[in-house]
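Scroll down for the structure; my scribbles are underneath it.
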């Protein structure tokens, strides 16, 4: 690939997206702990995901790094972490003895 064809990605664009992915990872890890029955870890990790979710938008606006990709990634993360994961965790909690 020649030097002219490379796409430059700035660090300021990357930081908010990494925070959003950290929220998504926290939510998915909460599901893993729900499958193991460690409910205190589930609550803690969903709380951590909420903190990451609050930070990613503020960081993007602070760094002026908003993008359509970041907005779509944040929406996907919100649906998974605050819609799907709590629903599955409550279902698994209701099934336990």
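Numbering (this note's numbering), first residue to last: 656 to 752. Glycine included, each C-beta is placed from N, C-alpha and C at the ideal position.
Do you know offhand how far residue i's Cα is from residue j's?
i, j, result
"residue 668", "residue 709", "17 Å"
"residue 744", "residue 681", "14 Å"
"residue 677", "residue 746", "24 Å"
"residue 693", "residue 673", "26 Å"
"residue 696", "residue 683", "12 Å"
"residue 724", "residue 664", "13 Å"
"residue 734", "residue 726", "12 Å"
Tell me the residue span of the alpha helix (DSSP H) that contains residue i.
i, result
"residue 695", "694-718"
"residue 666", "666-691"
"residue 724", "723-734"
"residue 738", "Counting along the chain, residue 738 falls outside any alpha helix (DSSP H), and DSSP gives it neither H nor E."
So is residue i buried or exposed if we call it buried at 16+ other beta carbons inside 10 Å?
i, result
"residue 729", "buried"
"residue 666", "exposed"
"residue 685", "buried"
"residue 736", "buried"
Mind checking whether residue i and residue j have CB atoms under 8 Å apart?
i, j, result
"residue 722", "residue 679", "no"
"residue 720", "residue 671", "yes"
- request: Take every Cβ of the region 683-700, pair it with every Cβ of the region 711-725, and state whether three or more of those distances are shorter than 8 Å.
  value: no
Given 8 Å, three or more beta-carbon pairs between the region 730-740 and the region 679-691: yes
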